[in-house]
Amino acid sequence: MPHLDLSRRHLIAATGALAASPFAAAVSPRSAFAKAPMLGRAEPTHYRFKLGGFEVTTIADADAFIDGPWPLIGSNAEQEAVDQLMRDNLLPADKYRPGFTPMLVNTGKELILFDTGNGERGFVPRPQGGWLAAQLAPAGFTPEQIDIVVLSHGHPDHIGGVMENGKPLFPKARYVTGAVDYDFWAGDKPTGDLAPFAALYRDYVVPGADKTTFLKPGDEVMPGIRAMAAYGHTPGHLAFDIESDGKRLVFWGDCAHHHVASLARPDWHCVFDVDKEQGAKTRSRMFDMVATDRVAVSAFHMPFPSIGYVERRKDGGYRWIPHSYQLDL
Ligand SMILES: [Zn+2]
């Protein structure tokens, strides 16, 4: 093998030179052949940018492949249509990796966490999910620093990080969530498949009710952060419009679950939506708004870091454009 011979000649020349140097004893010819160890896949777990006078950090709460997107996305469509869309976008048709991406907004006065990830009992169990508690420190935060925890809706992958070891993870925080969503999950309507979600809600969110502010659409979390109705995914699902010094970001919670399929066909039903028709209408309305306003989006289930923009396509669908540097200027 000519290549190996060449390496050998280089090696002999190199060790010959080293023999005369004071470092020769520390370098054996063997070390020149040592291979770097395989380290495994590595991905970033936090991402930070400025939004006017605010600083925004997104944190990865999970790294998990799930079966799909069909029929989780497009349960009202032919499987072949969803599979073909995946192939057209160079994606596998049988596996996908949604982001699970809580967001921290530091307003300079308060540190606000939007959704808490899976925690110990969420949709993606540990070790694949429930990372927020462990990922705060590498991102530069402690749980004690968090002043407000905003819950977009009551699903386990959004409320699961509220408690850790049976105690509130954020000891100094007050909570903010939608009044309609709270009444649904704390009430007796969730039955069947929804009953386990309601049980988690009763364990994790209801005990904090006396420290919770209940919003209706249009209400403010604080000046510059306003709730918007995004009903359908859950009965009281809220999105949030965040603005500082003329810069704007929409946290849309669970308006989309696949960065290609949900965007290309907002009419395709999402199996996680409690009201699938209303969820589809909300999705279309949200995509239309953020595409028209050309506004940045923090999108919980888009691939990490889950920040991007939405482009309207000529065929009536939409396309997710991941953030590159627009917000860093
Ligand atoms: Zn979710």
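Residue numbers (the numbering used here): 96 to 424.
Note that beta-carbon positions come from the ideal geometry of N, C-alpha and C, so glycine has one too.
All values derive from a computational prediction rather than experimental measurement.
Option in the options with minimal Cα separation from residue i
| i | options | result |
| --- | --- | --- |
| V301 | V316, H332, P285, W280 | W280 |
| S170 | C365, Y420, G194, V355 | C365 |
| F236 | A391, P187, E150 | E150 |
| R221 | S357, G256, D242 | G256 |
| H137 | F399, F335, H418, Q421 | Position check: residue 137 holds Ala in this sequence, whereas His was assumed. Minimum Cα distance to A137 is reached at F399. |
| P318 | P139, A129, Q174, E205 | E205 |
| V219 | G261, E175, A157 | A157 |
| D283 | G303, A129, A293 | A293 |
| G353 | R378, F265, I337 | One point to set straight first is that residue 353 is His, not Gly, in the sequence displayed. Closest by alpha carbon: R378. |
| D288 | E173, R360, V369, H248 | V369 |
| S339 | L422, M397, W363, M258 | L422 |
| I337 | W226, P164, M323 | M323 |
Nearest-angstrom Cβ-Cβ length linking residue i and residue j, presumed shorter than 8 Å
| i | j | result |
| --- | --- | --- |
| V355 | N184 | 5 Å |
| T211 | I254 | 6 Å |
| Y142 | I416 | 16 Å between Cβ atoms; not a contact. |
| Y270 | V244 | 5 Å |
| F335 | I320 | 6 Å |
N-terminal and C-terminal residue of the alpha helix (DSSP H) that residue i is part of
| i | result |
| --- | --- |
| H253 | 251-254 |
| R360 | Segment: none, R360 is in no alpha helix (DSSP H) and carries neither H nor E. |
| D340 | Per DSSP, D340 belongs to no alpha helix (DSSP H) and is neither H nor E. |
| M181 | 174-183 |
| Y299 | 290-299 |
| L206 | From DSSP, L206 is part of no alpha helix (DSSP H) but of the beta strand (DSSP E) over 206-209. |
| V316 | Note, V316: premise wrong, no alpha helix (DSSP H); beta strand (DSSP E) at 315-317. |
| Y277 | 274-281 |
First and last residue of the uninterrupted beta strand (DSSP E) at residue i
| i | result |
| --- | --- |
| P417 | 413-417 |
| S379 | Where S379 is concerned, there is no enclosing beta strand (DSSP E), although the alpha helix (DSSP H) it sits in stretches over 371-388. |
| A157 | That residue, A157, is in no beta strand (DSSP E); it is neither H nor E in DSSP. |
| A324 | 320-324 |
Status (buried if at least 16 other CB within 10 Å, exposed otherwise) for residue i
| i | result |
| --- | --- |
| N201 | buried |
| D349 | buried |
| V161 | Residue identity check: residue 161 is Ile in the sequence provided, not Val. Result: exposed. |
| L295 | buried |
| L333 | buried |
| T387 | exposed |
| Y413 | buried |
| Y420 | exposed |
| G341 | exposed |
| A351 | buried |
| A375 | buried |
| A290 | exposed |
| F128 | exposed |
| L167 | buried |
| T272 | buried |
| H98 | Note on H98: pLDDT 43, under 50, position unreliable in the model; the coordinate value appears next. Exposed is the call here. |
- [ ] Could you tell me whether the stretch 237-251 touches the stretch 188-195, using the rule of 3 or more Cβ pairs below 8 Å?
- [x] Verdict: no, contact absent.
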